[in-house]
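Its first residue numbered 0, the sequence shown is counted upward by one per residue in numbering that gives the first Met the number 0.
Quick reminder that beta carbons are idealized off the backbone N, C-alpha and C, glycines included.
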Amino acid sequence: MNAMHALRLRRALAGLVLCCSFMPVGHAAIFEDGEARRAILEMRQRVDAMQQNSQRSAEDARRASEDSSQLRRSLLDLQTQIETLRVEMAKLRGQNEQLIRDVAELQRHQKEIATGVDERLRQFEPLKVSLDGLEFQAEPAEKKDFETALAKFREGRFADAEAAYTAFLRQYPRSGYGPSVRFWLGNAQYANRNYKEAIGNFKNLLASTPSHARAPEAALAIANCQIELKETRGARKTLEDLLRVYPQSEAAVAAKERLSHLK
Numbered sequence: 000m001n002a003m004h005a006l007r008l009r010r011a012l013a014g015l016v017l018c019c020s021f022m023p024v025g026h027a028a029i030f031e032d033g034e035a036r037r038a039i040l041e042m043r044q045r046v047d048a049m050q051q052n053s054q055r056s057a058e059d060a061r062r063a064s065e066d067s068s069q070l071r072r073s074l075l076d077l078q079t080q081i082e083t084l085r086v087e088m089a090k091l092r093g094q095n096e097q098l099i100r101d102v103a104e105l106q107r108h109q110k111e112i113a114t115g116v117d118e119r120l121r122q123f124e125p126l127k128v129s130l131d132g133l134e135f136q137a138e139p140a141e142k143k144d145f146e147t148a149l150a151k152f153r154e155g156r157f158a159d160a161e162a163a164y165t166a167f168l169r170q171y172p173r174s175g176y177g178p179s180v181r182f183w184l185g186n187a188q189y190a191n192r193n194y195k196e197a198i199g200n201f202k203n204l205l206a207s208t209p210s211h212a213r214a215p216e217a218a219l220a221i222a223n224c225q226i227e228l229k230e231t232r233g234a235r236k237t238l239e240d241l242l243r244v245y246p247q248s249e250a251a252v253a254a255k256e257r258l259s260h261l262k
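As structure tokens, this is what we get:
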């Protein structure tokens with residue numbers, strides 16, 4: 000734009016010079032000095048105006064170029080910021096997804112812990128037990144120890160069973176299993192020929208719980224121990240008491256047979 004305006008000025012000046020050069024002398028004389036000066040001033044004003052317009056156009060072009068450059072830089076900066084935000088959002092999205100997975104894993108782990116705690120607590124919660132006509136509360140470990148001792152007896156390991164039942168009574172002196180434990184302990188001692196110890200446990204059962212489901216069998220077992228110890232008189236009395244106290248029991252049938260063989 001600046002070069003174009005300069006070219007136009009040069010062309011205007013050249014035209015003015017040519018006009019003055021080819022103007023007839025007669026005509027040139029017509030102009031007075033004042034008119035010539037006014038013409039020159041007007042021409043200078045036109046030239047100055049054209050130069051100013053040219054300068055303003057150049058300034059406007061420069062400013063437009065600068066504004067365009069600034070706009071391009073701003074757009075580039077904005078694009079960079081958008082790209083940075085996009086990367087950060089992707090990163091945050093990934094972190095959020097990882098956080099969700101971590102929370103889910105933590106919740107699963109907490110649930111497993113809670114389940115494990117509940118299971119461990121249940122191991123210590125009293126259990127309702129129904130055995131030999133009695134109902135009572137027992138600790139899980141208590142129930143397990145009784146069943147372990149009974150399994151040994153049923154396997155014919157009478158010495159082990161005797162030791163297990165003896166330890167049970169020592170560890171759980173007030174257990175609801177007590178009468179049944181004494182019954183099975185007496186039977187294990189009978190099998191091991193510890194007759195006197197067996198009689199002691201059977202009598203303990205009869206004294207503490209005479210209405211126990213195993214009481215008639217315990218009375219019969221006492222008589223059997225007395226027979227093994229050659230205590231015939233004592234065995235007879237025991238059998239007679241059994242028939243009197245538990246006449247309807249199955250043990251009473253066996254007691255009648257035993258009495259018929261005693262002399």
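For Arg235, the closest alpha carbon among the candidates Arg257, Leu40 and Glu111 is that of Arg257.
Counting along the chain, no alpha helix (DSSP H) covers Glu134; the unbroken beta strand (DSSP E) around it starts and ends at Leu133 to Ala137. Judged by their CB atoms, Leu130 and Glu161 are not nearer to each other than the 9 Å cut-off.
The straight-line gap separating the alpha-carbon atoms of Lys255 and Leu261 is approximately 10 Å. A residue is called buried once 16 or more other Cβ atoms fall within 10 Å of its Cβ, and Ala220 is buried on that count.
Taking C-beta separations shorter than 6 Å and ignoring five residues to either side along the sequence, the partners of Gly132 in its chain run Ala212, following chain order.
Cβ-Cβ distances below 7 Å link Ala163 to Thr147, Ala148 and Lys151 in the same chain, with the five nearest sequence neighbours on each side left out; the list follows chain order. For Leu228, there is no enclosing alpha helix (DSSP H), as DSSP gives it neither H nor E.
In the DSSP annotation of this structure, the continuous segment of the beta strand (DSSP E) that includes Leu130 starts and ends at Leu126 to Leu130. For His260, the enclosing alpha helix (DSSP H) starts and ends at Glu249 to His260.
With contacts defined by Cβ atoms closer than 9 Å, Pro172 and Ser207 do not form a contacting pair.
Counting only the Cα atoms, Met49 lies some 51 Å from Leu84. Restricting attention to Phe157, Arg43 and Pro125, the CA atom closest to the CA of Gly175 is found in Pro125. Per the coordinates, the alpha-carbon of Ile39 lies some 25 Å from the alpha-carbon of Ser56.
In this structure, the CA atom of Ser67 is about 47 Å from the CA atom of Ala35. Pairing Leu204 with Ala222 gives a Cβ-Cβ distance that is not under 9 Å. DSSP, reduced to helix, strand and coil, places Glu111 within a helical segment of the structure shown. Going by C-alpha positions, Gln109 is about 24 Å away from Gly93. Between Cys224 and Tyr194, the gap from beta carbon to beta carbon is short of 9 Å.
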